[in-house]
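Okay, structure first, notes after.
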Amino acid sequence: MNLSLRKYDAILATVQSIPAGKVATYGQIATLADLPGRARLVGTVLNKLPQDSGVPWHRVVNAKGEISFRGDGESVTEQEILLTEEGVELSPQGRIRLGEYRWEP
DNA sequence: CTGGTGACAGGAA
DNA sequence: TTTCCTGCCACCA
77 MNLSLRKYDA ILATVQSIPA GKVATYGQIA TLADLPGRAR LVGTVLNKLP QDSGVPWHRV
137 VNAKGEISFR GDGESVTEQE ILLTEEGVEL SPQGRIRLGE YRWEP
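According to the working numbering, the stretch in the first sequence is residues 77 to 181, in order.
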């Protein structure tokens, strides 16, 4: 078992600790998981996550408050819907108001 | 082993 | 306010 796997677990645990109706940025997750500056790893990890991982990945967005995904919008739309269902309101530009919904541990 | 890729962030203009 | 450039490191061929 790789020690890096423990870091993945820390990332997943942090994402799962995000309360409903709130969102967190990749950098924030990375910092909370003791991986400062490794925001890309958070995205890479989530990208490889299975669908039944039970991780609320839809609450994780980039620093701009936008929903990220390899440029394709289908999954992005699903993420927007999930967030809206939880009470997260989106800006007209399709961006989340981090000042309002950013998770502050 | 080397090189390229990637759900990003932060600073500068 | 947004856009562009750079750095960061795990994973894949």
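C-beta atoms are modelled at their ideal positions from N, C-alpha and C, and glycine is treated no differently. These numbers come from a predicted model, not from an experiment.
Which residue wins for smallest C-alpha separation from residue i, given the options the options?
i	options	result
Val42	Ala89, Leu81 and Gln169	Examination of residue 42 is not possible in this model, given that the chain is present from 77 through 181 alone.
Ser167	Pro181, Ile143 and Glu180	Ile143
Ser129	Lys83, Arg171 and Gln92	Gln92
Lys124	Leu159, Tyr84 and Val99	Tyr84
Do residue i and residue j have their C-beta atoms closer together than 8 Å?
i	j	result
Gly163	Gly97	yes
Pro126	Ile94	no
Tyr177	Asn138	no
Quick test of your reading: residue i and residue j, contact by CB under 8 Å. State the CB separation rounded to the nearest angstrom.
i	j	result
Leu111	Gly141	Leu111 to Gly141, Cβ: 21 Å. No contact.
Pro181	Leu108	7 Å
Give the range of the alpha helix (DSSP H) segment to which residue i is assigned.
i	result
Leu174	Leu174 to Tyr177
Ile105	Tyr102 to Leu108
Val121	Ala115 to Asn123
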